[in-house]
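In the working numbering, the protein residues as written are 7 to 257.
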């Protein structure tokens, strides 16, 4: 059995970490490099930087933030937002990222997944997905920061991502995101059952027990959270200790 991972997510806008439900009521949380350092010291297994409005605002990658963070943290760093081409992949990896996450561009140009996997290796390619329930065991994929419904079946899409060479899926539930009512377990389980690559649970974590529940009830390999960690409601150590107490193998 592979050890499970806990991943703090830092949504970056204009050089600051921000947090807001459904992109409304956005609050400045602080400096991304300082926060990344703090999570590194807490024992995070990985850190994710997302430029949450890059695709929507048609901007590039936050390379300056990536370079500074890469100098000061010693866990894998995943970077997403504004990745449109192989050159963007290359520059982001050169800046210090270990993995690159593509979301909107992956849907609009699926060939980018295969090309990036062929050049940099599957382990460098994470496909981020924002999905919303539309029926009984049916979900649709959104892009541009969960703003645009692509009318693309989620399960068909994750299978295609795996076939194209994605090394990992980061699955965010639009319905659960910001609610703090727990991860979207039915959607998460459906995706984990559909693919053999690692799946990261994202969206909805609100209490300590939510993380262990996701690991126990689905095949996800990691769980991601933002505001719970940013506002000091929980630490990475708190989550790992609870999971270990429940018999879950942690890194």
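Beta carbons are placed, not taken as given, at the ideal position from N, Cα and C, and that holds for glycine.
Reference residue i; option with closest CA among the options
{"i": "residue 253", "options": "241, 237, 222, 231", "result": "222"}
{"i": "residue 115", "options": "189, 181, 90", "result": "90"}
{"i": "residue 113", "options": "51, 154, 215", "result": "154"}
{"i": "residue 103", "options": "137, 67, 110", "result": "67"}
{"i": "residue 175", "options": "22, 52, 108, 47", "result": "108"}
{"i": "residue 33", "options": "17, 43, 45, 46", "result": "17"}
{"i": "residue 226", "options": "251, 238, 255", "result": "255"}
{"i": "residue 192", "options": "139, 166, 84", "result": "139"}
{"i": "residue 224", "options": "146, 84, 239, 202", "result": "202"}
{"i": "residue 182", "options": "230, 150, 166, 165", "result": "230"}
{"i": "residue 205", "options": "239, 131, 19, 214", "result": "131"}
{"i": "residue 247", "options": "214, 236, 237, 239", "result": "214"}
{"i": "residue 52", "options": "82, 37, 69", "result": "82"}
Beta-carbon gap between residue i and residue j smaller than 8 angstroms
{"i": "residue 196", "j": "residue 143", "result": "yes"}
{"i": "residue 148", "j": "residue 162", "result": "no"}
{"i": "residue 119", "j": "residue 106", "result": "no"}
{"i": "residue 10", "j": "residue 152", "result": "no"}
{"i": "residue 86", "j": "residue 56", "result": "yes"}
{"i": "residue 73", "j": "residue 117", "result": "no"}
{"i": "residue 15", "j": "residue 54", "result": "yes"}
{"i": "residue 92", "j": "residue 47", "result": "no"}
{"i": "residue 232", "j": "residue 194", "result": "no"}
Beta-carbon separation (whole angstroms), residue i vs residue j, contact threshold 8 angstroms
{"i": "residue 24", "j": "residue 35", "result": "6 angstroms"}
{"i": "residue 218", "j": "residue 249", "result": "5 angstroms"}
{"i": "residue 234", "j": "residue 200", "result": "About 28 angstroms separates the two Cβ atoms, so there is no contact after all."}
{"i": "residue 50", "j": "residue 242", "result": "5 angstroms"}
Exposure of residue i, with buried meaning 16 or more beta-carbon neighbours within 10 Å
{"i": "residue 12", "result": "buried"}
{"i": "residue 179", "result": "buried"}
{"i": "residue 31", "result": "At residue 31, the pLDDT of 49 sits below 50, so the modelled position is not reliable; the number obtained from the coordinates is stated separately. The residue is exposed, with fewer than 16 neighbouring Cβ atoms inside 10 Å."}
{"i": "residue 42", "result": "buried"}
{"i": "residue 251", "result": "exposed"}
{"i": "residue 27", "result": "Note on residue 27: pLDDT 49, under 50, position unreliable in the model; no value is reported."}
{"i": "residue 141", "result": "exposed"}
{"i": "residue 216", "result": "buried"}
{"i": "residue 177", "result": "buried"}
{"i": "residue 7", "result": "exposed"}
Inset, instruction - Would you check if there are 3 or more beta carbon pairs closer than 8 angstroms linking the region 165-174 to the region 86-104? - result: no
Inset, instruction - Take every Cβ of the region 121-134, pair it with every Cβ of the region 69-82, and state whether three or more of those distances are shorter than 8 angstroms. - result: no
Inset, instruction - State whether the region 179-187 contacts the region 156-164, with contact taken as three or more CB pairs (one from each stretch) at a distance under 8 angstroms. - result: no
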